[in-house]
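One structure is given here, and the rest of the page talks about it.
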Amino acid sequence: MKTYSTRAVDHPPAGRGGLPEDSRPSGMLRGVGEEAGHAGMTAQEIAQAVRSGRLSAGEVVEAALARARAAEDLNFLITLDEAGARAAAGRLDALLRSGGDPGPLAGVPVVVKDNILTEGLLTTAASRSLASFVPPLDATVVARLRRAGAVIIGKSNMDEFGMGSSNENSAFGAARNPWDRSRVPGGSSGGSAVAVAAGVVPLALGTDTGGSVRQPAAFCGVVGFKPTYGVLSRFGVIAFASSLDQVGVLGRSGSDVELAMMALAGPDPRDATSLPDNAFGTRQANGLEGVRIGVVTELSGEGNDPEVLEALGGTVAALEGLGAEVEEAELPASRYGIPTYYLVATAEASSNLSRYDGITYSRRIGENARGQAAVTMMSRGLTLGSEVRRRILMGTYALSAGYYDAYYGKALRVRRLISDDFERAFESFDLLLTPTTPGPAFPIGERSEDPLSMYLTDIDTCLPSLAGLPAISVPAGFTDQGLPCGVQLIAPPLGDSRLLRVAKALEEKAGAGFAPLAG
Ligand code: GLN
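As structure tokens, then:
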């Protein structure tokens, strides 16, 4: 187990993973501000450099595009939008020349998960059923990113409709983990995590229904933040399970994620579940003196890889060193998290995905088939992947008249118990701590034929999702094989900024200030 050190920044541990030597154009991967590179720069540094005129948005974007091309074999993007990115950078540079303010994310290159709508730019949710869908509008979060001066360079690879934990359920093939390309980057926001870990962009948008921002963040060694349900607008986000879906931010540091959140958060009249409160009005002070943190007993013992537990132990020591009081906390209903999540999520998915019938919506197959049922059967059967079809079947079953009470109804009652557990724990603690995942990134193919073992990787992350709570995965070191490990911190409703405060304090203590690059 290795923890972060300043030395680790810019060097993959143990010489494994990372971009292959031959795909490293010299001067591009490490050009922190020198030449046109930005790979080692934080979003804040880029925005400052662009606003002060030290770097142009055009230069930054060219470097990001070059890095994206160099890392192409990681298969982390579904669409690279070179023309759109150059045009946006050009507009920012023109605005700067005329004395305008391009915003707090001026010139910061970002990628957006491919289930978040981008006007005029292909948005597939990694599904064949949406393989040619070009949205007529931007999701609210995308509009806010653009307004803050960020430049979208592409749309990231993902598990189809967000259903998966490895990125292997993508119609465009699996993305690869930059620390070890024979392994998965996690999912479903795998491409976004890879983009940040490989230094293509300092910030990326993902979505998180049961862990899809936090789990790939842990597997790729970056920060992954899922806000309180309702803090970020879901308008223009392709629905998977509406009572769980949240947009989240991936970045290399807590401060960068905070910067993005300040631009993204806030009420949206176009999303009825968006909260009136904005938890991100001001930047948080650092320091953890007297903060009470509970390590969840049920999730931090048996069933975890020993190296993950070492990473957890290291984080506990670091938190104590920062003045936090760490004790054990209990979440007795946590053992029901996985079955509850997979009943609620599949039930909602079966309803949300009924629109992809080849008639009212999505790609149609079987023009000459007889009748609506035949067209729908062919369209759904041929354009939806096997995991998506499995979920629709499971969800439809759980909702069907004879089984509703026994499955869906029961899951809702257990969901309540899980929320109650959290409420009780937060009477004694300000924050809860768990591993983000029971193990580090697994080999591509290891679990793709075994849905249950895939589902089990969500054991820690699905719990705050069910309770609508904010949670963050922060890097906690590497295994001896050089694979990143993450730990998850969970806060009470609207305790979002508390999580970023802890992330920032841990980064400062580690010395580097941000996660190392995988290349
Ligand atoms: N891995 C979980 C699932 O497959 C979570 C996915 C997500 O958060 N979108 O449902």
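Numbers given in this note's numbering equal positions in the sequence shown, counted from 1, plus 15.
Each residue gets a CB set at the ideal place from its N, CA and C atoms; glycine is no exception.
Judged by the Cβ position, residue 463 fails to qualify as a neighbour of ligand 1 at the 6 Å threshold, every heavy atom of the ligand being at least this far.
In terms of Cα proximity to residue 260, the closest of 406, 379, 176 and 424 is 176. Judged by DSSP secondary structure, residue 404 falls within the alpha helix (DSSP H) whose first and last residues are 401–414. Distance check between residue 223 and each of 160, 82, 488 and 139 places 488 closest, using alpha-carbon atoms only.
Secondary structure note for residue 307: its beta strand (DSSP E) is the uninterrupted segment 307–311. Counting only runs of 3 or more residues that sit fully inside the stretch 85–145, the beta strand (DSSP E) segments are 92–95 and 124–128, in chain order. Judged by beta-carbon spacing, residue 144 lies within the 7 Å limit of residue 371, meaning their Cβ atoms are closer than that value. In the three-state scheme derived from DSSP, where H, G and I count as helix and E and B as strand, residue 319 is classed as coil. Counting only residues of its own chain and dropping the five nearest sequence neighbours on each side, residue 186 has a CB closer than 8 Å to the CB of 139, 141, 142, 143, 146, 175 and 400. Judged by the Cβ position, residue 292 fails to qualify as a neighbour of ligand 1 at the 6 Å threshold, every heavy atom of the ligand being at least this far. Here the distance from the Cβ of residue 243 to the nearest heavy atom of ligand 1 is not below 6 Å. Inter-segment contact for the stretch 430–443 and the stretch 160–180 is absent: fewer than three beta-carbon pairs are separated by less than 8 Å. Around the beta carbon of residue 77, 16 or more other beta carbons sit within 10 angstroms, so the residue counts as buried. Around the beta carbon of residue 517, 16 or more other beta carbons sit within 10 angstroms, so the residue counts as buried. Every beta strand (DSSP E) stretch that sits fully inside the stretch 236–292 and reaches 3 residues is listed by chain position as 238–241 and 261–266.
Note: residue 503 is bridge-paired with 449 and 488 in the DSSP secondary-structure output.
For residue 223, the CB falls within less than 6 Å of some heavy atom of ligand 1. As a beta-bridge residue in DSSP terms, residue 192 pairs with 195. In the DSSP assignment, residue 391 falls within the unbroken alpha helix (DSSP H) covering 387–398. The closest heavy atom of ligand 1 lies 6 Å or more from the beta carbon of residue 206.
Ligand 1 has a heavy atom closer than 6 Å to the beta-carbon of residue 178. The Cβ atoms of residue 178 and residue 395 do not sit closer than 7 Å to each other. Boundaries of the beta strand (DSSP E) around residue 223: 218–223.
In the three-state scheme derived from DSSP, where H, G and I count as helix and E and B as strand, residue 78 is classed as helix. A Cβ-Cβ contact shorter than 7 Å links residue 269 with residue 515.
In this structure, the C-beta of residue 473 approaches ligand 1 to less than 6 Å from one of its heavy atoms. The continuous alpha helix (DSSP H) containing residue 67 extends over residues 58–67.
Taken through DSSP and simplified to helix, strand or coil, residue 148 comes out as coil.
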